[in-house]
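K.L.:
After the structure tokens below, expect a handful of questions from me.
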Amino acid sequence: MKLTASDLNLMWEFRLLFKVNSGPPNPIGYGWLIADQHLSVKNEVVIEPYSGLYGGPYVPSTGGVHYCGLTSIGLLSYSYSPLPEPMKVGRYCSISSGLTFLDSYHPLDLVTTSIITFRSKSVLCRDFTNAEQVSKYGWDIHGNKPYPTLENDVWIGRDCTLQMGIRLGTGSVVAANSVVTKDVPPFAIVGGNPAKIIRYRFDEATIAKLLESEWWNYHPKNLCAIGFDDIPRFLDEVALLKDDPTAKLNLPILRITDKEMVATMP
């Protein structure tokens with residue numbers, strides 16, 4: 001799709017930011033987006049307001065798929081790292097710079113892991129093999145697992161790597177320089193290579209209550225009025241919000257495809 005001035009203004013109205021604390025679009029563009037550029041959107045993305053995609057276009061591991069830099073992301077979440085379109089990020093997530101994904105593979109069950117088994121057009125290989133020979137191996141360099149899913153309130157530190165197909169649970173934390181190869185339970189703090197559970201942020205009973213509260217589904221103004229420093233009080237006050245129909249979030253969303261950008265209002 002071609003980004004028009006109206007598209008950029010709509011993003012600003014949603015407070016979808018592409019530069020930290022940026023103002024509205026100018027005649028040149030908006031954050032890392034350039035006015036009148038063609039944005040190639042391979043997968044539909046669904047974006048909630050007050051979110052930040054600061055990283056720019058996504059560059060994959062060698063042989064992977066390039067993406068435009070948009071991704072499905074929830075309220076008050078942001079990323080300093082480029083993210084692929086198929087990824088899903090919940091609300092209140094914080095992603096530092098340097099995040100990468102293991103989104104390109106070599107075969108492990110053939111005689112060799114070499115590119116000669118899947119790169120018939122490579123200058124290094126084309127004198128020895130061809131597309132027909134390579135096709136019989138049935139190897140897909142991209143693998144068959146989806147990009148990771150981040151639930152809500154996930155914090156990823158700097159320079160981390162995520163395996164494909166994993167899920168980072170609500171409230172979880174990934175320490176800087178970690179390589180995460182498995183699902184991360186809610187409210188677990190993980191770190192290392194491969195990442196292992198260091199500890200949980202809260203005791204088991206508190207974690208269960210926080211998950212049951214689904215506090216991220218209520219209006220931020222209500223949550224800020226309660227305060228975040230007294231967890232028992234927070235849980236009690238959020239429980240009262242369940243009887244207040246105005247407290248539940250009813251957000252507009254921005255749907256973006258390669259053909260159009262549409263705001264769906266509640």
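Note that full-length UniProt numbering has the sequence shown beginning at 1, numbered continuously upward.
Virtual Cβ for every residue (Gly too), placed ideally from N, Cα, C.
Between which two residues does the alpha helix (DSSP H) containing Arg233 stretch?
P.N.:
Per DSSP, Arg233 belongs to the alpha helix (DSSP H) from 231-241.
K.L.:
What residues match up with Ala195 in a beta bridge as DSSP calls it?
P.N.:
According to DSSP, which records beta bridges pairwise, Ala195 is partnered with Gly192.
K.L.:
Measure the alpha-carbon distance for Asp7 versus Phe18 and round it to whole angstroms.
P.N.:
Computed Cα separation, rounded: 13 Å.
K.L.:
Find out if the Cβ-Cβ distance for the pair Ile207, Arg199 is shorter than 8 Å.
P.N.:
No; because the gap between Cβ atoms is not below 8 Å, this pair is not in contact.
K.L.:
Give the straight-line distance between the Cα atoms of Arg119 and Glu85, rounded to the nearest whole angstrom.
P.N.:
Rounded to whole angstroms, Arg119 to Glu85 spans 25 Å at the Cα level.
K.L.:
Ala263 bridges to which residues according to DSSP?
P.N.:
Paired residue(s): Leu254.
K.L.:
Which residue comes first and which comes last in the beta strand (DSSP E) that contains Leu110?
P.N.:
First-last for Leu110: undefined, no H or E at that position.
K.L.:
Using 8 Å as the cut-off, can you tell me whether the stretch 31-51 makes contact with the stretch 72-83, which would need three or more C-beta pairs spanning the two stretches below that distance?
P.N.:
Enough Cβ pairs lie closer than 8 Å, so yes.
K.L.:
Apart from the five residues just before and just after Asn9, which ones in its own chain have a Cβ nearer than 8 Å to its Cβ?
P.N.:
Answer for Asn9: Pro24, Pro25, listed in chain order.
K.L.:
Assign Glu132 to one of two classes, buried (16 or more other C-beta atoms within 10 Å of its C-beta) or exposed (fewer than that).
P.N.:
Glu132 is exposed by the Cβ-count criterion.
K.L.:
Should Pro27 go down as buried or exposed, given a rule of 16 or more other Cβ atoms within 10 Å for buried?
P.N.:
By the 10 Å Cβ count, Pro27 comes out exposed.
K.L.:
Jot down the residue ranges of each uninterrupted alpha helix (DSSP H) in the stretch 57-95, minimum 4 residues, whole runs only, in chain order.
P.N.:
Runs of the alpha helix (DSSP H) inside the stretch 57-95: none found.
K.L.:
Between the stretch 136-156 and the stretch 169-182, do three or more beta carbon pairs fall short of 8 Å?
P.N.:
Enough Cβ pairs lie closer than 8 Å, so yes.
K.L.:
Please determine if the stretch 35-46 and the stretch 58-70 are in contact, where contact requires at least 3 C-beta pairs separated by less than 8 Å.
P.N.:
With the cut-off at 8 Å, the stretch 35-46 and the stretch 58-70 touch.
K.L.:
According to DSSP, is Thr206 part of a helix, a strand, or is it coil?
P.N.:
Helix at Thr206.
K.L.:
Measure the alpha-carbon distance for Met261 versus Thr4 and round it to whole angstroms.
P.N.:
If I take the Cα positions, the gap works out to 10 Å.
K.L.:
With distances taken from CA atoms, which of Ala205, Leu210, Ile197, Met164 is nearest Gly171?
P.N.:
The shortest C-alpha separation from Gly171 is found at Leu210.
K.L.:
Helix, strand or coil for Val134 per DSSP?
P.N.:
Residue state, collapsed to three classes: helix.
K.L.:
Check for me: the alpha helix (DSSP H) holding Leu8 runs from which residue to which?
P.N.:
Note, Leu8: alpha helix (DSSP H), 5-13.
K.L.:
What does Ser51 pair with, by DSSP beta-bridge criteria?
P.N.:
Answer is Leu16, bridged to Ser51.
K.L.:
May I ask which residues mark the beginning and end of the alpha helix (DSSP H) holding Cys160?
P.N.:
That residue, Cys160, is in no alpha helix (DSSP H); it is neither H nor E in DSSP.
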